[in-house]
Amino acid sequence: MIFDASGFVFEPPSVISRARRVLIKPSAAYPVSYPVTTSQSMLSAIIEGIRQVSDADVLILEGTPGGEPVYPIYQALGYNFPRVLTLDVKDCIWVEVDNPLPKPLAVPTFWVPNVILSCDYLMTVAP
1 MIFDASGFVF EPPSVISRAR RVLIKPSAAY PVSYPVTTSQ SMLSAIIEGI RQVSDADVLI
61 LEGTPGGEPV YPIYQALGYN FPRVLTLDVK DCIWVEVDNP LPKPLAVPTF WVPNVILSCD
121 YLMTVAP
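Taking this note's numbering, the leading residue of the sequence shown gets 1, the next gets one more, and so forth.
Right under this line is the structure:
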């Protein structure tokens, strides 16, 4: 079921009020509008919700399947928010981290972009 993105209401979890850095991973790998990608209005509502409870740094991190730069896609989708840092995953350094599960079934370690390690709160936003 697809809902109108303009009707989206974001209620930030209480832990965001203590965050110093929040990373948002939208669905924005292609320059195609909502519902294929996360809408600008949905991200705007999330960022405004974060700002209501915290002065945390807000980062948006995405990449493209073919490794092309993501910045033209950010621009095409209208991802131009004040005081928000937009990053391309291909520019990140990848680091290996231990799987935090007590008994990892398949993967004892995995690779993540280094910027994730400096964030207090991570969220994935799908259209």
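For each residue, glycine too, the CB sits at the ideal point set by N, CA and C. The structure presented is a predicted model; accordingly, all values stated were derived computationally and were not measured.
Report task. Tell whether a beta-carbon distance below 8 Å holds between LEU61 and PRO100. Result -> Working through the sequence shown from its first residue, we reach residue 61 at position 61. Working through the sequence shown from its first residue, we reach residue 100 at position 100. Cβ distance not < 8 Å, so LEU61 and PRO100 don't count as in contact.
**Report entry** Bridge partner(s) assigned by DSSP for MET123
**Finding:** Your numbering for residue 123 matches position 123 in the sequence shown. Residue pairing by DSSP places MET123 opposite ILE24 in a beta bridge.
Query raised in the report: Buried or exposed: which applies to PRO26, given that a residue is buried once 16 or more other Cβ atoms fall within 10 Å of its Cβ?
Result: Taking the first residue of the sequence shown as 1, we reach residue 26 at position 26. With 16 or more Cβ atoms within 10 Å of its Cβ, PRO26 is classed as buried.
Query raised in the report: Rounded to whole angstroms, how far is the Cβ of ASP57 from the Cβ of LEU85, which I believe are closer than 8 Å?
Result: Counted from its first residue, the sequence shown places residue 57 at position 57. Counted from its first residue, the sequence shown places residue 85 at position 85. Indeed, because the Cβ distance is near 7 Å, the residues count as touching under 8 Å.
Query - Nonlocal neighbours in the same chain, by C-beta distance under 8 Å from ALA45, ignoring five residues either side - result: Reading the sequence shown from its first residue, position 45 is the one you call residue 45. Only PHE8, VAL9 and PHE10 meet the Cβ criterion.
Report task. Quick one: grab the DSSP three-state call for VAL58. Result -> Locating residue 58 in the sequence shown gives position 58, where the first residue counts as 1. If DSSP states are grouped into helix, strand and coil, VAL58 belongs with the strands.
Query raised in the report: Cα separation between GLY67 and LYS90?
Result: To locate residue 67, count along the sequence shown from 1; it is residue 67. To locate residue 90, count along the sequence shown from 1; it is residue 90. Rounded to the nearest angstrom, the two C-alpha atoms are 7 Å apart.
Report task. Drop a sphere of 10 angstroms on the beta-carbon of THR38, count the other beta-carbons inside from all chains shown, and report buried for 16 or more, exposed for fewer. Result -> Counting from one through the sequence shown, the residue named residue 38 turns up at place 38. With 16 or more other Cβ atoms within 10 Å, it is buried.
Report task. To the nearest angstrom, report how far apart ASN80 and VAL36 are at their CA atoms. Result -> Stepping through the sequence shown from its first residue, residue 80 is reached at position 80. Stepping through the sequence shown from its first residue, residue 36 is reached at position 36. ASN80 and VAL36: Cα-Cα distance of roughly 19 Å.
Query raised in the report: Which value, in whole angstroms, describes the spacing of the CA atoms of ALA28 and THR109?
Result: By one-based count along the sequence shown, residue 28 stands at place 28. By one-based count along the sequence shown, residue 109 stands at place 109. In a straight line, the C-alpha of ALA28 is about 27 Å away from that of THR109.
Query raised in the report: Around the C-beta of LEU43, are 16 or more other C-beta atoms found within 10 angstroms, so that it is buried, or is it exposed?
Result: Sequence index remark: in the sequence shown, residue 43 carries index 43 (1-based). Burial call: buried.
**Report entry** Alpha-carbon spacing of GLY49 relative to PRO12, whole angstroms
**Finding:** Mapped onto the sequence shown, residue 49 falls at position 49. Mapped onto the sequence shown, residue 12 falls at position 12. Cα to Cα, GLY49 sits roughly 6 Å from PRO12.
Query - Beta-carbon proximity check, LEU23 vs LEU59, cutoff 8 Å - result: Translated into the one-based positions of the sequence shown, residue 23 becomes position 23. Translated into the one-based positions of the sequence shown, residue 59 becomes position 59. Yes, these two residues count as a Cβ contact at 8 Å.
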